[in-house]
Ligand SMILES: Cc1ncc(C[n+]2csc(CCOP(=O)(O)OP(=O)(O)O)c2C)c(N)n1
Ligand SMILES: Cc1ncc(C[n+]2csc(CCOP(=O)(O)OP(=O)(O)O)c2C)c(N)n1
Ligand SMILES: [Mg+2]
Ligand SMILES: [Mg+2]
């Protein structure tokens, strides 16, 4: 059993397998990005693809994020299905104009005559002792743009399921990959079906408190839930997984049971995803709330260099304390 | 009186005057942007500056938003105080990388050895029958970035006060100018003091309901408040003015009185500023809330071409209806 | 210790067939085979000019919104676009109405868009005449990607992308040129250097001697052409199209032309340029030049031009009438269509919002 | 109908003074006046090489984090940076540790940064040696703005900005080059073309014949130089610095060099390049070349090199020891410093968050 787990795929393996399968079954799929070909990606997510599918379908791009996305939009409009990699989410801002101006708008602008069925993958988030600009969580930028879907897998199986789903989607989907989880969890992915985009998943059931999270922080939320359980506090834990369009229904349903909602994510709190989740739940279940919705996030600061990055990230301890406060509130 | 009002400055005039005064009193100030010099800006906000201060201090830049901001960051680091214009906020995404990577971080990165005292002005918002990409409200992008201040004036006097304040600030400040108000309101600005950044202003007092807004929508909120008053519903109206750092205290104080909060802004609702305002008020005044906080925003769609842009914008009618619903809730 | 740094002046000379007076620049050349083309081009340019004038008039009357006139640039657009096959891709900036008309875009659709209705851009599925691009130069990497995809899918189609002199300053121009060249995409980059980017003259935009030479930074061949000489433009662009079609490789053409009108209808050029300059370019009007030539060859005369003018006015009148009818219809429809086409299928939040929208109405008080 | 499009091959030949064996390329040249410089350069390059090796060792031991080794690029950096005055601006990318050391950045600060502490980048107010830039090419427009400001404020200082071959593909390179040229900013653009951008070879990065020729697209002069020839680099860059200082104008230098190590410590070059290539470049090692030359002139001998090596090791040891002490001190301090320097003054939300932070502690369980 333990041995099997040791050999089970990491998130990197899982995405890699999904890409292989997809490219194998659909020859319109192309992969593009900096170092995605010969090098197999700086995180090895695209390893082996160039060998198998050739350099025309696995494109080692020049160093230019706006170019990569603009070029991909063009390919998507002309019969291909590009899966573009931003080497780190911190460099995707260079592509924001192309994403906002065209990827998100082409279907609308042309009243459906053209569409941009493409996937943008990007590793994001802190916790891997990386250099500056390699640790941010700016999913809110993309989630605020109409016409885009944003998904964030938390485990290898979900990464596998969401990568397949993103590729099948007829619209642009951004897959933000929590690189802190890239190699820390192994999980069986055999027989996993493509995900349904736009569905929040309940991953733990309790009755006293609802914790909502996603990405790497989901695991801290789950750890906190265990710790709370030891104290007799039972929590629902919900993985929103699709940031946009946000599925608030299961969260609202849970809150109607628990009356308490704690949101955990690693973006800076201000104008981040937690506020939106809270707003949506409030719109649906205000009268069930026993106490204010709370959020445990990063801080409104730049992610410190790695010696102090854990001081930035929500700790299990902070989650547990907040949860206890809410229960006694 | 009416005559005086006719001659009183518009928001364009007010900003223009602030820029003239500031450049006159501080020779480190430079203005840069596309068409800001000879042409005086496509909205005439920088009219007359080049004639008075010369082409080296009023720089007609090549067509490159990232370049304009990067170049300005450099000037700010070397003893100047640039006031950069993005011709329309919809083109500022090209500069987001420079803003996030450097303007917002240089002080922090160098532990205070360098700072980026610069102002980025950009007209934003819908309602002026403009072309695609000329009508968006994406203040949330900037507000989510640590190290930046974002202000949005709603009237000529506030534009004058905030422009001066932004120029005096030692850190990068983004001034988003609601172009729908550029020429529609005239207001005396003589003797107006520089604003204090980071303060929400109560612009109307009532007791039944709190409406929070900013920018062009503030005027619709005020119109709605008048209409509600006719029905005997008295509203506090608060102009947040500084989006980031957000001053939630006066809003919370008002909600402690009214128990009801309605947020009005023109960004798409999802992951927009309204969620953050709601979250902050909930954190501070949850137990005073009689009913769910509500928001009247744009929709999660692209701003339609101008024949239908009013269908996108929050209407006075929608605000009034929501307010009435909340009162009877 | 000096002499290492160098800036070699490019030797480029703009290609020209007919001079400003409609005479052959080099009387050794025969353009007898091109007279048919010139006649068609004359008609297309005149049609575009008149349409543009009507747009301007309608804008001044408040019937339509802001738009970017083409006056003066008809030859650059018609010459370039005339080289495209039906299955090639046309990727415009926001000032290509002459090319659009030539390529079959309906006047009524252009009117409808200019009047502020999204329906004006509703193309047919897979239509390869793309709508206007507003963010300057953002269409360039897209065109490169379109072209690459065509090649990967085994088509011999090309993508032709249009942009201005101002666009060449922006990062997307650079990235697109580089991608096209190094990844071998069959794109034809057509720069209409009309001397101005709103109020910014070419000299303040970039310090290179020519725009054409910028292509060399990407190992890409290029040429300068008199952009007011429709035949010269066609010849040079044809060569670029051939290179794209047969070799799958990109090139760039700089067409030297002039914007004789306002930048857009929101612009007042008197703030930044002299009438003298406009006058000088009026003498180089791309339409007059062909007209003079055709008259000199007796291909056209007053009577024919008169008939042509009437036909054009008639076509424009009918298109505008149709547009007004269409607008009246659209105004009857519910504005709930604003939620259409954001995604292939409406997402749950959008469904909810549309319901909300229908409940609260449009807010007629603000409309 | 062909022959209009052209791509003139640039004639640039890289400037070189010493060949790979340390012999004068042209025995007509006298470099007697440069021997002093070469001796200094040799020391600086050796010091940088040894420091780099120590960083690599420490990284492999887990004592510091990811960094980008400089091995092979010492001459390009030392030659270029040696031309700067104290009041000039140095604007690096992320691979300029040899230049940084030469310009007085403390080894201990570099160690501290590499160990993950923000304090390593704490400069003195107004310090003109800027810290590393991680987002490729984003430093270029900043350098142009710095230079422009210097000129506007009446200083005769220049800004020297470093970047790689990969950086030249990105929009910010293009926009910076254009701004600097058209707005006349005294910048020296130094491209270290080390053949690779992570796994992407120069040939897949761009199709231009040289990187140097890219400057011509902006009307900017440029030169190619053997980047492993420290004197040649100095000579060419000196000319660019002079042009900036005296004329206030920019230029660009392409230094042909090679990254002999991993891209960063997270990289495995065996995936994408052959050892043969590295071997070939080992023969062109920038340090050996100068060493051979200096030995041939009896400027140095075994004993001197031995002493030098010892001094360097000693300096590195002391710096690392100081760093460890500093880290121990920092580890004692409260992490509340993470809230410092976001703004000049802490904003109210940040004050509240810092209070929160202090209340809930650091979360030792995750640290
Ligand atoms: C990215 C971006 N920045 C700014 C603008 C505003 N703008 C519209 S047209 C224009 C000038 C374009 O000049 P050029 O490329 O020469 O084209 P032309 O207008 O001469 O046809 C500017 C600055 C824009 N549309 N997009
Ligand atoms: C904008 C941006 N995109 C991607 C990266 C990831 N990255 C870091 S270094 C590098 C390659 C840089 O190549 P080059 O400019 O030649 O410099 P070199 O590493 O050879 O010194 C890449 C792609 C980055 N840091 N910034
Ligand atoms: Mg132009
Ligand atoms: Mg390199």
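Residue numbers (the working numbering), protein chains in the order written: chain F, 5 to 333; chain E, 5 to 333; chain A, 230 to 596; chain R, 230 to 596.
Ideal Cβ placement from N, Cα and C applies to all residues, glycine included.
Exercise. Among R:446, R:553, R:545 and R:425, which residue has its Cα nearest to the Cα of residue 506 (chain R)?
Worked result: Indexing the fourth chain from 1 puts residue 506 (chain R) at position 277. Of the listed residues, the one whose Cα sits closest to residue 506 (chain R) is R:425.
Exercise. Are the CB atoms of residue 317 (chain A) and residue 387 (chain A) nearer to each other than 8 Å?
Worked result: Your numbering for residue 317 (chain A) matches position 88 in the third chain. Your numbering for residue 387 (chain A) matches position 158 in the third chain. A contact, by the Cβ cut-off of 8 Å.
For this session: From the DSSP output, read off the bridge partner residues of residue 86 (chain F).
Result: On the first chain, position 82 is the one that residue 86 (chain F) refers to. In DSSP, residue 86 (chain F) forms a bridge with F:34.
Exercise. What is the DSSP secondary structure of residue 221 (chain R), reduced to helix, strand or coil?
Worked result: Because chain R here runs from 230 to 596, residue 221 (chain R) falls outside it and cannot be looked at.
Problem set entry | ligand 3 heavy atom lying under 7 Å from the CB of residue 20 (chain E) | Here residue 20 (chain E) refers to the residue found at position 16 when the second chain is read from its first residue. No, since every heavy atom of ligand 3 falls outside the 7 Å radius drawn around the Cβ of residue 20 (chain E).
For this session: Would you kindly work out how many angstroms separate the C-alpha atoms of residue 85 (chain F) and residue 28 (chain F), rounded to a whole number?
Result: Sequence index remark: in the first chain, residue 85 (chain F) carries index 81 (1-based). Sequence index remark: in the first chain, residue 28 (chain F) carries index 24 (1-based). Going by the C-alpha atoms only, they are around 13 Å apart.
Problem set entry | Cα-Cα separation, residue 3 (chain E) to residue 293 (chain E) | Only positions 5 to 333 of chain E appear in this structure, which leaves residue 3 (chain E) out of reach.
Exercise. Given a limit of 9 Å on CB to CB distance, which residues of the stretch 482-502 of chain A reach chain R?
Worked result: 482
For this session: Tell me whether the beta-carbon of residue 304 (chain F) lies closer than 8 Å to the beta-carbon of residue 572 (chain A).
Result: If you number the first chain from 1, residue 304 (chain F) lands on position 300. If you number the third chain from 1, residue 572 (chain A) lands on position 343. No.
Exercise. Going along chain F in order, which residues have a C-beta closer than 8 Å to the C-beta of residue 422 (chain A)?
Worked result: For this step, residue 422 (chain A) is matched to residue 193 along the third chain. Here the premise fails: no neighbours, minimum Cβ distance about 22 Å.
For this session: Starting from residue 296 (chain E), find everything on chain F with Cβ-Cβ shorter than 7 Å and list it in chain order.
Result: Taking the second chain and counting its residues from 1, the one referred to as residue 296 (chain E) is at position 292. Here the neighbours are 286, 287 and 290.
Exercise. Can a CB atom of chain E be found closer than 8 Å to the CB of residue 92 (chain F)?
Worked result: For the purposes of this step, residue 92 (chain F) is taken as the residue at position 88 of the first chain. So, not an interface residue.
Exercise. Quick one: does the C-beta of residue 457 (chain R) sit closer than 7 Å to a heavy atom of ligand 4?
Worked result: In the fourth chain, residue 457 (chain R) corresponds to position 228, counting from 1. Result no, Cβ not under 7 Å from ligand 4.
Exercise. With a CB to CB cut of under 7 Å and the five nearest residues on each side skipped, what residues in its chain are close to residue 501 (chain R)?
Worked result: Here residue 501 (chain R) is taken as the residue at index 272 of the fourth chain, counted from 1. Only 428 meet the Cβ criterion.
For this session: Can you have a look at residue 393 (chain A) and say buried or exposed, based on whether 16 or more other CB atoms are within 10 angstroms of its CB?
Result: Here the question's residue 393 (chain A) lines up with position 164 in the third chain. Residue 393 (chain A) is buried by the Cβ-count criterion.
For this session: For residue 109 (chain E), go through chain F and note every residue whose CB falls closer than 9 Å to its CB, in chain order.
Result: Stepping through the second chain from its first residue, residue 109 (chain E) is reached at position 105. The answer, in chain order, is 136, 137 and 306.
For this session: Within the same chain, show all residues whose beta-carbon is closer than 8 Å to that of residue 187 (chain E), passing over the 5 residues directly before and after it, in chain order.
Result: Taking the second chain and counting its residues from 1, one reaches residue 187 (chain E) at position 183. Counting only Cβ-Cβ distances below 8 Å, and skipping sequence neighbours, we find 14, 15 and 16.
Exercise. In chain order, which beta strand (DSSP E) runs of at least 3 residues are fully inside the stretch 211-285 of chain E?
Worked result: Listed in chain order, the complete beta strand (DSSP E) runs (minimum 3 residues) inside the stretch 211-285 of chain E are 213-217, 239-243, 246-248 and 265-268.
Exercise. Which residues, in chain order, does the stretch 559-579 of chain A contribute to contact with chain R at a C-beta distance below 7 Å?
Worked result: none
Problem set entry | Residue environment, residue 291 (chain F), which counts as buried when at least 16 other CB atoms sit within 10 Å | Sequence index remark: in the first chain, residue 291 (chain F) carries index 287 (1-based). Residue 291 (chain F) is exposed by the Cβ-count criterion.
Problem set entry | Neighbour list for residue 115 (chain F) in chain A, Cβ cutoff strictly below 8 Å | Residue numbering aside, residue 115 (chain F) sits at position 111 when the first chain is read from its first letter. Chain A residues near residue 115 (chain F): 347, 348, 350, 351, 352, 569 and 570.
For this session: Can you pull the chain R residues whose beta carbon is under 7 Å from the beta carbon of residue 407 (chain A), in chain order?
Result: Counted from its first residue, the third chain places residue 407 (chain A) at position 178. Ordered by position in chain R, the residues that pass the 7 Å Cβ test against residue 407 (chain A) are 398 and 435.
Exercise. Near residue 230 (chain R), which residues of its chain fall below 7 Å by C-beta distance, leaving aside the five closest residues on each side in sequence?
Worked result: The residue you call residue 230 (chain R) lines up with position 1 of the fourth chain. Note on residue 230 (chain R): pLDDT 42, under 50, position unreliable in the model; the coordinate value appears next. None.
Exercise. By the criterion of Cβ-Cβ separation under 9 Å, what are the contact partners of residue 27 (chain F) in chain E?
Worked result: Mapped onto the first chain, residue 27 (chain F) falls at position 23. Below the 9 Å Cβ cutoff, chain E contributes no neighbours of residue 27 (chain F), its closest Cβ being approximately 30 Å away.
Problem set entry | Any non-hydrogen atom of ligand 4 closer than 7 Å to residue 425 (chain A) Cβ | By one-based count along the third chain, residue 425 (chain A) stands at place 196. Flag unset: Cβ of residue 425 (chain A) not near ligand 4.
Exercise. Quick one: what does DSSP say residue 412 (chain R) is sitting in, helix, strand or coil?
Worked result: Locating residue 412 (chain R) in the fourth chain gives position 183, counting from the first residue. Residue 412 (chain R) falls in the coil class under three-state DSSP.
Exercise. Helix, strand or coil for residue 598 (chain R) per DSSP?
Worked result: The requested residue 598 (chain R) is not part of the displayed model; chain R covers only 230 to 596.
Problem set entry | Exposure label - residue 250 (chain A); buried when at least 16 CB within 10 Å | As a position in the third chain, residue 250 (chain A) is number 21, starting the count at 1. The C-beta of residue 250 (chain A) has fewer than 16 other C-beta atoms within 10 Å across all chains shown, which makes the residue exposed.
Exercise. Tell me which same chain residues have a C-beta within less than 7 Å of the C-beta of residue 83 (chain E), skipping the five on either side of it?
Worked result: Here residue 83 (chain E) refers to the residue found at position 79 when the second chain is read from its first residue. So the list reads 32, once near-sequence residues are dropped.
Problem set entry | For residue 593 (chain R), the three-state DSSP class (helix, strand or coil) | Start at 1 with the first residue of the fourth chain, and residue 593 (chain R) comes out as number 364. Legend: pLDDT at residue 593 (chain R) = 37, less than 50; position of this residue unreliable, no value from coordinates given.
Problem set entry | Close Cβ partners of residue 395 (chain A) (< 7 Å) along its chain, the five nearest in sequence each way excluded | Start at 1 with the first residue of the third chain, and residue 395 (chain A) comes out as number 166. Answer for residue 395 (chain A): 365, 426, 429 and 434, listed in chain order.
Problem set entry | Where residue 335 (chain A) meets chain F, residues with beta-carbon distance less than 9 Å | For this step, residue 335 (chain A) is matched to residue 106 along the third chain. What residue 335 (chain A) touches in chain F, judged by beta-carbon distance under 9 Å, is nothing: the nearest beta carbon there is about 14 Å away.
For this session: Give a yes or no on whether 8 Å exceeds the smallest Cβ distance from residue 401 (chain R) to chain A.
Result: Numbered from 1 along the fourth chain, position 172 holds the residue referred to as residue 401 (chain R). Closer than 8 Å: yes.
For this session: Measure the alpha-carbon distance for residue 469 (chain R) versus residue 442 (chain R) and round it to whole angstroms.
Result: Along the fourth chain, one-based indexing puts residue 469 (chain R) at 240. Along the fourth chain, one-based indexing puts residue 442 (chain R) at 213. Computed Cα separation, rounded: 15 Å.
Problem set entry | Presumed contact (8 Å Cβ cut-off) between residue 113 (chain F) and residue 348 (chain A), rounded CB distance | One-based indexing of the first chain puts residue 113 (chain F) at position 109. One-based indexing of the third chain puts residue 348 (chain A) at position 119. Not really, about 11 Å apart at Cβ, beyond 8 Å.
Problem set entry | Residues in the stretch 60-81 of chain E having any Cβ partner in chain A nearer than 7 Å | Per Cβ criterion, the list reads 64, 66, 67, 68 and 70.
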